[in-house]
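Protein chains: 2
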Amino acid sequence: MTAQKPPSTRLSVNDWLQAGYTLLAEQGGRALKVESLCQQIGATRGSFYWHFEDMDSYRAALVETWNAFLARDRQSLESLDALPPRERLSAMMTTLVSPQHWMLERAMREWARTDPIAAENVRQADRLLLRAVAKAYCDYGFSPEDARLRAELTFAAGIGLLHLAGSAAQAQRVAPQQRLLELMLADPT
Amino acid sequence: MTAQKPPSTRLSVNDWLQAGYTLLAEQGGRALKVESLCQQIGATRGSFYWHFEDMDSYRAALVETWNAFLARDRQSLESLDALPPRERLSAMMTTLVSPQHWMLERAMREWARTDPIAAENVRQADRLLLRAVAKAYCDYGFSPEDARLRAELTFAAGIGLLHLAGSAAQAQRVAPQQRLLELMLADPT
DNA sequence: ACCTGAACACCGTTCAAGT
DNA sequence: ACCTGAACACCGTTCAAGT
Numbered sequence: 002m003t004a005q006k007p008p009s010t011r012l013s014v015n016d017w018l019q020a021g022y023t024l025l026a027e028q029g030g031r032a033l034k035v036e037s038l039c040q041q042i043g044a045t046r047g048s049f050y051w052h053f054e055d056m057d058s059y060r061a062a063l064v065e066t067w068n069a070f071l072a073r074d075r076q077s078l079e080s081l082d083a084l085p086p087r088e089r090l091s092a093m094m095t096t097l098v099s100p101q102h103w104m105l106e107r108a109m110r111e112w113a114r115t116d117p118i119a120a121e122n123v124r125q126a127d128r129l130l131l132r133a134v135a136k137a138y139c140d141y142g143f144s145p146e147d148a149r150l151r152a153e154l155t156f157a158a159g160i161g162l163l164h165l166a167g168s169a170a171q172a173q174r175v176a177p178q179q180r181l182l183e184l185m186l187a188d189p190t
Numbered sequence: 002m003t004a005q006k007p008p009s010t011r012l013s014v015n016d017w018l019q020a021g022y023t024l025l026a027e028q029g030g031r032a033l034k035v036e037s038l039c040q041q042i043g044a045t046r047g048s049f050y051w052h053f054e055d056m057d058s059y060r061a062a063l064v065e066t067w068n069a070f071l072a073r074d075r076q077s078l079e080s081l082d083a084l085p086p087r088e089r090l091s092a093m094m095t096t097l098v099s100p101q102h103w104m105l106e107r108a109m110r111e112w113a114r115t116d117p118i119a120a121e122n123v124r125q126a127d128r129l130l131l132r133a134v135a136k137a138y139c140d141y142g143f144s145p146e147d148a149r150l151r152a153e154l155t156f157a158a159g160i161g162l163l164h165l166a167g168s169a170a171q172a173q174r175v176a177p178q179q180r181l182l183e184l185m186l187a188d189p190t
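As you go down the protein sequences, you meet chains A and B in turn. Just so we're aligned: the first sequence equals residues 2 to 190 in the numbering used here. Just so we're aligned: the second sequence equals residues 2 to 190 in the numbering used here.
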């Protein structure tokens, strides 16, 4: 049988990553300091440097974990293929702005501006999602080119709403989301 | 007669702000360090601290200057009232994504997350722009509520495109912009 | 294997001294 | 009035020593 995890005074890599996500979501990228992490987790600097090379590789670890999380998440989006296109799009948009995601999503995109590793991971994740959304528009009946453009615009609007929402609750974003979908599904000749 | 500005080994507040904008646009918020600014401008730390209290107030000065710049810019947007709604919207969107603006716009929004002063200024600027865009949709014939919602979505999509565009040239963003406008002006009952 | 705490380096900030 | 450069404080990083 596998060993049970003890209540643990001992810390794992994952504990540190978790603490990082908390800080990132609550206070943004500039708050990600070794000392802050130590306070959050109740350990000293040396412990951090046992688990991680330095701040840069710690950030890289955060990005990779986040990316893996996202990939799983978005793969499950693609598994919505069974749904009719309209419901599929609706489900995608709801997931995109889920409250567990948007704080970190924003922090990650902020990072991506200066960190090449983060940038590559964000780009890759975006490509996956864009493809899925475009496919849905395509299945709905738009030409591939038009579907692609509508997907980009939908995606952009989603990102923009994330940024504009500030700390607003999810409920306040659902109405715009659905209205956006209606407009995007319109067929102006 | 007024004194001419000398070729100047002497530095002005504005020189430091200019250096800051350059750094912000090129390397993002984390690159805004005193030493980097000094190198950029060719002076030593003490000079910086003659003109500014500390980094925080320097950032505040950057934000205020930027905000004044934006306000002027957006007031001129409202002066487009003479144009028919559709052209007015098109002109607004073009200005919104002008290459001189988007890098700083992004940096400012990044700041706004952790700096209350920046947040307030961004909020205020957004309110002005949103009102102008909503008015245009209203003049086009949509109900006030619908106009408001379309304005928010247009705005969100604009912000999103800024973020997604990366370092792409403006030309690549014009097509999506115009297509977005077409979709937003559609009238799905 | 994992953690502590002292030590060091780097960069934000201060300040006495120069022009 | 504006700037220099030395000095100090803070936080990222290292490392010898503990369990």
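Cβ coordinates follow ideal geometry from the N, Cα and C atoms, glycine included.
- Task: Pull up the distance between the alpha-carbon of His-52 of chain A and that of Leu-63 of chain A, whole angstroms please.
- Result: 13 Å
- Where does the unbroken alpha helix (DSSP H) through Arg-75 of chain A begin, and where does it stop? 56 to 79
- Using a Cβ-Cβ cut-off of less than 8 Å, list which residues of the stretch 78 to 100 of chain A approach chain B; keep chain order. none
- Task: Report buried or exposed for Arg-11 of chain B, applying the criterion of at least 16 other Cβ atoms within 10 angstroms of its Cβ.
- Result: exposed
- Task: Pick helix, strand or coil for Ala-187 of chain B, following the three-state DSSP scheme.
- Result: coil
- Other residues of its chain near Ala-172 of chain B: CB distance less than 8 Å, five sequence neighbours each side excluded: Any answer about Ala-172 of chain B is weak, because its pLDDT of 48 lies below 50 and its placement is not dependable; what the coordinates show is given next. Counting only Cβ-Cβ distances below 8 Å, and skipping sequence neighbours, we find nothing.
- Item | Test: Ile-118 of chain B CB closer than 8 Å to a CB of chain A | no
- Message: What residue range does the alpha helix (DSSP H) around Ser-91 of chain A cover?
- Response: 86 to 97
- Task: Classify Gly-159 of chain A as helix, strand or coil using the three-state DSSP reduction.
- Result: helix
- Message: Check this for me: beta carbons of Gly-29 of chain A and Arg-114 of chain B, under 8 Å apart or not?
- Response: yes
- Task: Output yes if chain B places a C-beta closer than 8 Å to the C-beta of Ala-187 of chain A; else output no.
- Result: yes
- Leu-130 of chain B: CB within 7 Å of a non-hydrogen atom of the ligand ADP: Within the structure as shown, the ligand ADP is missing, as the structure has no ligands at all.
- Expressed to the nearest angstrom, what Euclidean distance is found between the alpha-carbon atoms of Ala-157 of chain B and Leu-38 of chain B? 33 Å
- Message: If distances are taken between C-alpha atoms only, which option among B:Leu-97, B:Leu-78, B:Gly-43, B:Glu-106 comes closest to Ala-26 of chain B?
- Response: B:Glu-106
- Query: Between Ala-169 of chain B and chain A, is there a C-beta pair that is closer than 8 Å?
  - Reply: Its pLDDT being 45, under 50, Ala-169 of chain B is placed unreliably by the model, and the measurement read from it follows with that caveat. Not an interface residue.
- Query: Would you say Phe-156 of chain A faces chain B, with C-beta separation under 8 Å as the test?
  - Reply: yes
- Query: Between the stretch 16 to 30 of chain B and chain A, which residues of the former have CB atoms less than 9 Å from a CB of the latter, in chain order?
  - Reply: Gln-28, Gly-29, Gly-30
- Report all residues from its chain with a CB closer than 6 Å to the CB of Gln-178 of chain A; omit the five preceding and five following residues, and keep chain order. Met-94
- Run down chain A in chain order and give the residues with a C-beta less than 9 Å from the C-beta of His-102 of chain B. Those within 9 Å of His-102 of chain B in chain A number zero; the least Cβ separation is about 15 Å.
- Give me the Cα-Cα distance between Arg-132 of chain B and Ala-126 of chain B, rounded to the nearest whole angstrom. 10 Å
- Task: Under 6 Å Cβ to Cβ from Trp-17 of chain A, same chain only, skipping five residues before and after it: list those, please.
- Result: His-52
- Message: Out of B:Ala-108, B:Gln-76, B:Ala-83, B:His-164, which one is the CA nearest neighbour of Tyr-141 of chain B?
- Response: B:Ala-83
- Taking the CB atoms as reference points, tell me whether Leu-154 of chain B and Arg-180 of chain A lie closer together than 8 Å. yes
- Measure the C-alpha to C-alpha separation of Ala-1 of chain A and Arg-89 of chain A and round it to an integer number of angstroms. Examination of residue 1 of chain A is not possible in this model, given that chain A is present from 2 through 190 alone.
- Item | First through last residue of the alpha helix (DSSP H) which encompasses Asp-127 of chain B | 117 to 141
- Spatially closest choice to Leu-78 of chain A from A:Thr-96, A:Gln-19, A:Leu-182, by CA coordinates: A:Thr-96
- Item | Straight-line gap, Val-35 of chain B to Thr-66 of chain A (C-alpha atoms, nearest Å) | 33 Å
- Message: Residues of chain A with CB closer than 7 Å to the CB of Glu-121 of chain B, please, in chain order.
- Response: Here the premise fails: no neighbours, minimum Cβ distance about 12 Å.
- Are the Cβ atoms of Val-123 of chain A and Met-109 of chain A separated by less than 8 Å? yes
- Whose Cβ in chain B lies nearer than 7 Å to the Cβ of Glu-153 of chain A? Pro-177
- For a contact meaning CB atoms closer than 7 Å, what does Gly-159 of chain A contact in chain B? Gly-161
- Message: Against chain A, does His-52 of chain B count as a neighbour if the rule is that its beta carbon must be under 8 Å from one of theirs?
- Response: no
- Query: Could you give the distance in angstroms between the alpha-carbon of Met-185 of chain A and the alpha-carbon of Ser-91 of chain A?
  - Reply: 12 Å
- Message: Could you tell me the alpha carbon to alpha carbon distance between Arg-31 of chain A and Asp-116 of chain B, rounded to whole angstroms?
- Response: 11 Å
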